[in-house]
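J.: Residue numbers for the first sequence follow the numbering used here, beginning at 77 and rising by one. We treat Cβ as the ideally placed atom computed from N, Cα and C, and that holds for glycine. Quick one: this structure, given as structure tokens, is what I'll be asking you about.
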Amino acid sequence: MFARTKQESVLIVKVSSFWAEAVSDGRKLLRICLSYRKDDFQSIYKLNFEEKKRLPPLLQRLKCDLIIYGSGSKVDFSCYPLQTEGYSSFTRRVWAEVREIPYGRFCSYKWIAQRLNNRGYRAIGKALSINPFPIIIPCHRVIREDGSLGGYSQGMRIKKELLRIEGVLPLLPQAKMI
DNA sequence: AACTGTCGCGAAG
DNA sequence: CTTCGCGACAGTT
């Protein structure tokens, strides 16, 4: 009995000044990683093999969207199918809530908590820290209540860059809270 | 039991 | 006004 290995496709694309790696099973996205160094990606060894094949439509579309996004235009990622099985219902509720934050807006961890009738603010951060779909689930739009930026699993440099791309960063005065 | 991508308060500079 | 320490909070490992 040989375990049937799932057919996974990998997209690696430059977005603004960093790289994005997206993995899909053809139907859904499985994960996304962001890095300034292309060879950080675990699947990099597959690239020579993969890039000869046509990308599945889902990754084609994502590639276009990411490039457009990186160029500073508004992109709606809310319809991408994501593989979220295996995560707790709380975690998924947090992600669903964060997905509602529009492009170019932001809110606080507390604000998300309140929408879930919850005061475990730190649990919100925990749920976001394991977000496998940065950009698609826009956890970079969640910052601290006092206006400081908080953390980011992909590195603060990228969080800042994403907010800058969306015109939020020089931050506050005229930036719109959600 | 020990962690968090937090918050808000009080105390001190 | 700004920073710092600390306890409370809820969920996960």
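With DSSP collapsed to three states, give me the class of Val89.
T.: Here residue 89 refers to the residue found at position 13 when the first sequence is read from its first residue. Three-state DSSP puts Val89 in a strand.
J.: Contact check, Cys183 vs Arg217 under 8 Å by CB: the rounded distance?
T.: Counting from 1 along the first sequence, the entry for residue 183 is found at position 107. Counting from 1 along the first sequence, the entry for residue 217 is found at position 141. That pair is a contact at about 7 Å.
J.: Any idea what DSSP makes of Phe166, helix, strand or coil?
T.: Position 90 of the first sequence, counting from 1, holds the residue named residue 166. Phe166: helix per DSSP, three-state reduction.
J.: Within its chain, find whatever has a CB closer than 6 Å to the CB of Trp95; leave out the 5 residues flanking it on each side and keep chain order.
T.: Numbered from 1 along the first sequence, position 19 holds the residue referred to as residue 95. Contacts found: Ser111 and Lys114.
J.: Could you check whether Ser85 and Leu131 sit closer than 8 Å to each other, using their CB atoms as the reference points?
T.: In the first sequence, counting from the first residue as 1, residue 131 sits at position 55. In the first sequence, counting from the first residue as 1, residue 85 sits at position 9. Yes, Cβ-Cβ distance for Leu131 and Ser85 is below 8 Å.
J.: Would you kindly check if the distance between the Cβ of Cys215 and the Cβ of Val151 is under 8 Å?
T.: The residue labelled residue 151 in the question sits at position 75 within the first sequence. The residue labelled residue 215 in the question sits at position 139 within the first sequence. Going by C-beta atoms, Val151 is not nearer than 8 Å to Cys215.
J.: Quick check on the DSSP output: the alpha helix (DSSP H) that includes Ile200 runs from which residue to which?
T.: Taking the first sequence and counting its residues from 1, the one referred to as residue 200 is at position 124. Segment Tyr197 to Ser205, the alpha helix (DSSP H) holding Ile200.
J.: Touching or not, the segment 191 to 203 and the segment 165 to 179, by the rule of three or more beta carbon pairs under 8 Å?
T.: The answer is yes - the segment 165 to 179 touches the segment 191 to 203, with three or more Cβ pairs under 8 Å.
J.: Can you name the start and end residues of the alpha helix (DSSP H) that Glu237 belongs to?
T.: The sequence position of residue 237 within the first sequence is 161, counting from 1. Looking at the DSSP string, the run of the alpha helix (DSSP H) that includes Glu237 is Met232 to Ile241.
J.: Taking its Cβ as the centre, do 16 or more other Cβ atoms sit within 10 Å of Gly146, making it buried, or is it exposed?
T.: Stepping through the first sequence from its first residue, residue 146 is reached at position 70. Under this definition Gly146 is a buried residue.
J.: How far does the alpha helix (DSSP H) with Ile143 in it reach, from first residue to last?
T.: Against the first sequence, residue 143 aligns to sequence position 67. It spans Pro133 to Gly146 - the alpha helix (DSSP H) in which Ile143 sits, taken as one unbroken run.
J.: Can you grab the Cα-Cα spacing for the pair Pro208 / Ala98, in whole Å?
T.: As a first step, residue 208 is located in the first sequence; it is residue number 132 there, counting from the start. As a first step, residue 98 is located in the first sequence; it is residue number 22 there, counting from the start. Straight-line Cα distance between these residues: approximately 10 Å.
J.: Output needed for Thr167: all residues of its chain with C-beta closer than 6 Å, excluding positions within five of it in sequence on either side, in chain order.
T.: The count along the first sequence starts at 1 and reaches residue 167 at position 91. Closer than 6 Å at Cβ, skipping near neighbours: Ala203.
J.: Can you give me the Cβ contacts of Val91 inside the same chain, cut-off strictly under 6 Å, excluding the 5 residues immediately before and after it?
T.: Numbered from its first residue, the first sequence carries residue 91 at position 15. For Val91, where only same-chain residues beyond five positions count, the Cβ hits under 6 Å are Leu142 and Gly146.
J.: My guess is that Tyr163 and Ile212 are in contact by the Cβ rule of under 8 Å, so how many angstroms apart are they, rounded?
T.: Counting from one through the first sequence, the residue named residue 163 turns up at place 87. Counting from one through the first sequence, the residue named residue 212 turns up at place 136. Not quite, the Cβ-Cβ distance comes to about 15 Å (not below 8 Å), so this is no contact.
J.: Spatial neighbours of Ile188 within its chain, please: C-beta separation below 7 Å, excluding the five flanking residues on both sides.
T.: Walking along the first sequence from the start, residue 188 turns up at place 112. Closer than 7 Å at the Cβ level, and outside the excluded window around Ile188, lie Val170, Glu173, Val174, Ile200 and Val218.
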